[in-house]
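From first to last, the protein sequence lines stand for chains H and X. Here the first sequence stands for residues 20 to 331, where the numbers follow this note's numbering. Here the second sequence stands for residues 3 to 374, where the numbers follow this note's numbering. A quick write-up on the structure given underneath.
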Amino acid sequence: MPEPAGIDSRPTGDTTMQQHWDTPEMAQGKGSLRSRVVIYGLLGFFALVYLLPLIVMVLTSFKPLSEIYAGNIVALPKQWTVEPWVSAWETACVGLSCNGIKGYFWNSTKMTVLAVILSTLIGLLNGYVLTKWKFKGANVLFGLILFGCFIPFQIVLIPMAAFLGKVGIASSTAGLVFVHTVYGLCFTTLYARNYYIAFPDELVKSAMIDGARFFNIFWRILLPNSGPIIIVTVIWQFTNIWNDFLFGASFSTGESAPMTVALNNVVNTSTGERPYNVHMAAAMIAAFPTLLVYIFGGRYFVRGLMAGSVKG
Amino acid sequence: MASLEIKGVKKRYGTHEILKGIEISVEAGEFLVLVGPSGCGKSTLLNMIAGLDTVSEGDIVIAGRRVNDFHPSERDIAMVFQSYALYPNMTVEQNIAFGMEMRKVPKPERDAAVRDVAKILQLDHLLQRRPSQLSGGQRQRVAMGRALVRKPKIFLFDEPLSNLDAQLRVDMRTEIKKLHQRLGATIVYVTHDQIEAMTLATRIAVMKGGELQQLGTPAQVYNRPANTFVAGFMGSPRMNLAPARLQRNGDGLALEIQMGDRPKAQIPLPPQPPAVSAYAGKEVIAGVRAEAISYRRASNGNDGDARPIVDATIEVTEPTGADTLALLTLGGHEFTARLDPDVELRSGDKAQFRIDMSKLVCFDPQTERLIS
């Protein structure tokens, strides 16, 4: 006797059920085509609005200057050229010297990498001490550190300038590394502390009985299990430090300036006909590292922020 | 293998005293189980032995050395945690060897020790796995391996079986007992499960509210509980505790149970020690184990059995397979009886039961202590 078609063709097994749930037909039924067109249309429209500045930047950076002054800013280049990119990197004038932005790019790279490593490491250590070596007043101290997250940049400018001058690292990359490390500590400590508070104490106790002391427990037990939170702090610190303009403009001069300050100078020092294509290329170069960090780390960023909030 | 002495140990957090002077002495090779309800301080005491918590007052002495101020790693102890506390970033082999690595034991020696332990615990084929790739029982064995490999003076177990499912728990319990017998190691084991305590211990320390209630062999704790708390806590089903009156009955004594205006039950007692006899005419709390009550079939007649007979009403029966637990009303008070699995009694039935009073324990109604 043939089985009724409805039962016979019913999907079985977990995977088919899964697929079934995921298909929009299941959720919305028939006749939803119109509403879906509206939804995707709106999404597409807003995506386009959001992307427009980037599109204009990219297109402009590949156009010869004559085309920019002649035509439509959203039109495709008639003649593609990488000349503006080369020029931005090698010969663009920043203030009085015309050696391109490459030197400043390396300034920013050095500053950012060092400050990110330092602030992340110290933040993780702080979090470790605040959660696994609780002492009297640990929570008060953490509250005070947390308070640091809400101090606006502008407030610390003058005391910081005075301090850097006294210590003798004003107007140098070392000075900027120091400033960014100190300012970033509040955030990295917050992240690390909240991650480690959910880290099982029994692992630390077990390591103690096994004979590991303070630093061994940190290096061998906590750090290897801190992947998600390291990625979160690195992305957070990297984008903040790389993109910072205020500290860069306040605590550096001339050759020691970071990329963001140099970019501003490139745009401001051109005379006569403004080379918009070079400006755009320089801006793209300045934005590139953070873009890369997001592309490679973004997935982990969301995962890391969720870590500990849900079990498993 | 070493002795352990806990001398007048107290633990205070601020003014709150959570351990109120614990006094326990453990011989080398003993299996001491600390048992009690949650919050009784048993885990704190274990942590203090391990050095993971400080001692507010008193001394902890391992193998004749006072270790109060020693770092956990210097006390020559090993601990198995409830969550197993395996390092997730290391393989099973690295987990087991970590303690030796920290103590700078040379690699060849470490490898040999790990191999030996892996063999004992049948972990050979798992050495390269990470903890996340293991089942609960395997993790448990790795945690034990990590403790065994160091050959410590004392093993500490902190509720090691409570994360396992029922069947595995029974298996691992047997494993631990075998291990103890083979190694002859000194073990301090914390649990809230009184069956684990009864099956594993050579001596049991029952704790409640930061105080030691009783310290004794499983048989002592089970048969002669020091107070009504221990009587109610140890054993499943718990000991029947009924308010009763000791009456003179000819030359001897009888127990009279009556709740409110319900018909009273009078049970003649075998000769009692003088301490109990002194309570004649007074109120006591009578403790009777469920297995002391048995069903008397009507056809039995006079079979020469000297045990007193009582009439009771069945409230509920709970067949467990091996035996049937029956809730009876006797003199208005409820008793649990452990009966043969094939008795055919239904709720509401009236029947006759024999009570073995040779193991009767009496408690003072005021102090709730054992009268002895």
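Every residue gets a Cβ at the ideal spot worked out from N, C-alpha and C, and that includes glycine.
**Item:** Reduced DSSP secondary structure (H/G/I, E/B, other) of residue 104 of chain X
**Value:** Working through the second sequence from its first residue, we reach residue 104 of chain X at position 102. Looking at residue 104 of chain X - three-state DSSP - the assignment turns out to be helix.
**Prompt:** Got a sec: is the Cβ-Cβ distance from residue 224 of chain H to anything in chain X below 8 Å?
**Reply:** Within the first sequence, residue 224 of chain H is the residue found at index 205, counting from 1. It does; some Cβ of chain X falls within 8 Å.
**Request:** Say whether the segment 99–106 of chain X touches the segment 179–188 of chain X, bearing in mind that this needs 3 or more beta-carbon pairs closer than 8 Å, one atom from each stretch.
**Result:** no
**Residues of the segment 217–243 of chain H whose Cβ lies closer than 7 Å to any Cβ of chain X, in chain order** = 219, 221, 222, 224, 225, 227, 228, 229, 230, 231, 235, 240, 243
**Message:** In the DSSP assignment, the alpha helix (DSSP H) including residue 148 of chain X goes from what residue to what residue?
**Reply:** The residue labelled residue 148 of chain X in the question sits at position 146 within the second sequence. Segment 138–150, the alpha helix (DSSP H) holding residue 148 of chain X.
**Message:** What would DSSP say about residue 247 of chain X, mapped onto helix, strand or coil?
**Reply:** For the purposes of this step, residue 247 of chain X is taken as residue 245 along the second sequence, with counting starting at 1. Of the three classes helix, strand and coil, the one that applies to residue 247 of chain X here is strand, per DSSP.
**Prompt:** CB residue 355 of chain X to CB residue 308 of chain X, shorter than 8 Å?
**Reply:** Numbered from its first residue, the second sequence carries residue 355 of chain X at position 353. Numbered from its first residue, the second sequence carries residue 308 of chain X at position 306. No; because the gap between Cβ atoms is not below 8 Å, this pair is not in contact.
**Message:** So, with DSSP's three-state summary, where would you put residue 166 of chain H?
**Reply:** Indexing the first sequence from 1 puts residue 166 of chain H at position 147. The answer is helix: DSSP assigns residue 166 of chain H an H, G or I state.
**Request:** Classify residue 112 of chain H as helix, strand or coil using the three-state DSSP reduction.
**Result:** Taking the first residue of the first sequence as 1, we reach residue 112 of chain H at position 93. Coil.
**Prompt:** In this structure, does DSSP put residue 367 of chain X in helix, strand or coil?
**Reply:** By one-based count along the second sequence, residue 367 of chain X stands at place 365. Reduced to three states, the DSSP call for residue 367 of chain X is coil.
**Request:** Mind the definition here: the segment 80–99 of chain H touches the segment 265–283 of chain H only if three or more C-beta pairs lie below 8 Å; say whether that holds.
**Result:** no
**Beta-carbon proximity check, residue 193 of chain X vs residue 161 of chain X, cutoff 8 Å** = Position 191 of the second sequence, counted from the first residue, corresponds to residue 193 of chain X. Position 159 of the second sequence, counted from the first residue, corresponds to residue 161 of chain X. Cβ distance < 8 Å, so residue 193 of chain X and residue 161 of chain X count as in contact.
**Per-residue burial, residue 71 of chain X [other beta carbons within 10 Å of its own, 16 or more giving buried]** = For the purposes of this step, residue 71 of chain X is taken as residue 69 along the second sequence, with counting starting at 1. When all chains shown are included, residue 71 of chain X counts as exposed.
**Message:** Please identify the residue among X:266, X:296, X:275, X:351 whose C-alpha is closest to the C-alpha of residue 334 of chain X.
**Reply:** Counted from its first residue, the second sequence places residue 334 of chain X at position 332. Residue X:266 is the option with its Cα nearest to residue 334 of chain X.
**Asked** Where does residue 121 of chain H sit, in a helix, a strand or coil, going by DSSP?
**Response** If you number the first sequence from 1, residue 121 of chain H lands on position 102. In the structure shown, residue 121 of chain H sits in a helix (DSSP, three-state: H, G or I).
**Item:** residue 258 of chain H, DSSP secondary structure in three states
**Value:** As a working mapping, residue 258 of chain H is identified with position 239 in the first sequence. The answer is helix: DSSP assigns residue 258 of chain H an H, G or I state.
**Asked** In whole angstroms, what is the alpha-carbon distance linking residue 219 of chain X and residue 206 of chain X?
**Response** Working through the second sequence from its first residue, we reach residue 219 of chain X at position 217. Working through the second sequence from its first residue, we reach residue 206 of chain X at position 204. Answer to the nearest angstrom: the Cα atoms are 6 Å apart.
**Asked** Nearest to residue 234 of chain X by alpha carbon, out of X:187, X:82, X:363, X:113?
**Response** Residue numbering aside, residue 234 of chain X sits at position 232 when the second sequence is read from its first letter. Checked all of X:187, X:82, X:363, X:113; the closest Cα to residue 234 of chain X is X:363.
**Request:** Could you round the C-beta distance between residue 38 of chain X and residue 210 of chain X to whole angstroms and report it? I think they count as a contact, below 8 Å.
**Result:** Your numbering for residue 38 of chain X matches position 36 in the second sequence. Your numbering for residue 210 of chain X matches position 208 in the second sequence. Indeed they touch by this definition, with Cβ atoms about 5 Å apart.
**Request:** Decide if residue 130 of chain X is buried, meaning its Cβ has at least 16 other Cβ atoms within 10 Å, or exposed.
**Result:** For the purposes of this step, residue 130 of chain X is taken as the residue at position 128 of the second sequence. When all chains shown are included, residue 130 of chain X counts as exposed.
**Request:** Please go through the same chain and pick out, in chain order, the residues whose beta-carbon is closer than 7 Å to the beta-carbon of residue 126 of chain X, but skip the five residues on each side of it.
**Result:** Start at 1 with the first residue of the second sequence, and residue 126 of chain X comes out as number 124. Only 120 meet the Cβ criterion.
**Asked** Is the beta carbon of residue 267 of chain H within less than 7 Å of some heavy atom of the ligand GTP?
**Response** Here there are no bound small molecules, and the ligand GTP is not part of this structure.
**Request:** Work out the CA separation of residue 303 of chain H and residue 76 of chain H for me, nearest whole Å.
**Result:** As a first step, residue 76 of chain H is located in the first sequence; it is residue number 57 there, counting from the start. As a first step, residue 303 of chain H is located in the first sequence; it is residue number 284 there, counting from the start. Approximately 8 Å between the Cα atoms of the pair.
**Prompt:** Taking the runs of the beta strand (DSSP E) that are 3 residues or longer, which of them lie wholly in the segment 161–215 of chain X?
**Reply:** 188–193, 205–210
**Message:** Tell me which residues of the segment 99–113 of chain X have at least one Cβ-Cβ distance to chain H shorter than 7 Å, keeping chain order.
**Reply:** 100, 101, 104, 105
**Message:** Can you list, in chain order, the residues of its chain with a C-beta nearer than 7 Å to that of residue 240 of chain X? Leave out the 5 residues immediately preceding and following it.
**Reply:** Sequence index remark: in the second sequence, residue 240 of chain X carries index 238 (1-based). So the list reads 234, once near-sequence residues are dropped.
**Request:** Compare the beta carbon distance of residue 138 of chain H and residue 203 of chain H with 8 Å and say whether it is the shorter of the two.
**Result:** Mapped onto the first sequence, residue 138 of chain H falls at position 119. Mapped onto the first sequence, residue 203 of chain H falls at position 184. For residue 138 of chain H and residue 203 of chain H, yes; Cβs fall inside 8 Å.
**Request:** Would you check if there are 3 or more beta carbon pairs closer than 8 Å linking the segment 271–286 of chain H to the segment 219–229 of chain H?
**Result:** no
**Request:** Tell me residue 269 of chain H's beta-bridge partners as DSSP assigns them.
**Result:** Along the first sequence, one-based indexing puts residue 269 of chain H at 250. In DSSP, residue 269 of chain H forms no bridge with anything.
**Prompt:** Cβ of residue 83 of chain X less than 8 Å from any chain H Cβ?
**Reply:** Residue mapping note: residue 83 of chain X aligns to position 81 of the second sequence, counting from 1. True, the Cβ-Cβ gap to chain H drops below 8 Å.
**Prompt:** Would you call residue 198 of chain X buried or exposed, if buried means 16 or more other Cβ atoms sit within 10 Å of its Cβ?
**Reply:** Taking the second sequence and counting its residues from 1, the one referred to as residue 198 of chain X is at position 196. Under this definition residue 198 of chain X is a buried residue.
**Asked** Helix, strand or coil: which one does DSSP assign to residue 362 of chain X?
**Response** Within the second sequence, numbered from 1, the residue matching residue 362 of chain X stands at position 360. If DSSP states are grouped into helix, strand and coil, residue 362 of chain X belongs with coil.
**Message:** Against chain H, which members of the segment 41–69 of chain X pass a CB distance test of less than 7 Å?
**Reply:** 52, 54
**Straight-line gap, residue 34 of chain H to residue 308 of chain H (C-alpha atoms, nearest Å)** = Working through the first sequence from its first residue, we reach residue 34 of chain H at position 15. Working through the first sequence from its first residue, we reach residue 308 of chain H at position 289. Confidence at residue 34 of chain H is low in this model, with a pLDDT of 42, below 50, so its placement is unreliable and no value can be given for it.
**Message:** Using only the alpha-carbon positions, how far apart do residue 312 of chain H and residue 143 of chain H sit?
**Reply:** Numbered from its first residue, the first sequence carries residue 312 of chain H at position 293. Numbered from its first residue, the first sequence carries residue 143 of chain H at position 124. In a straight line, the C-alpha of residue 312 of chain H is about 20 Å away from that of residue 143 of chain H.
**Message:** Against chain H, with Cβ distances strictly below 8 Å, would residue 206 of chain X count as a contact?
**Reply:** Translated into positions along the second sequence, residue 206 of chain X becomes position 204. Cβ-Cβ to chain H under 8 Å: no for residue 206 of chain X.
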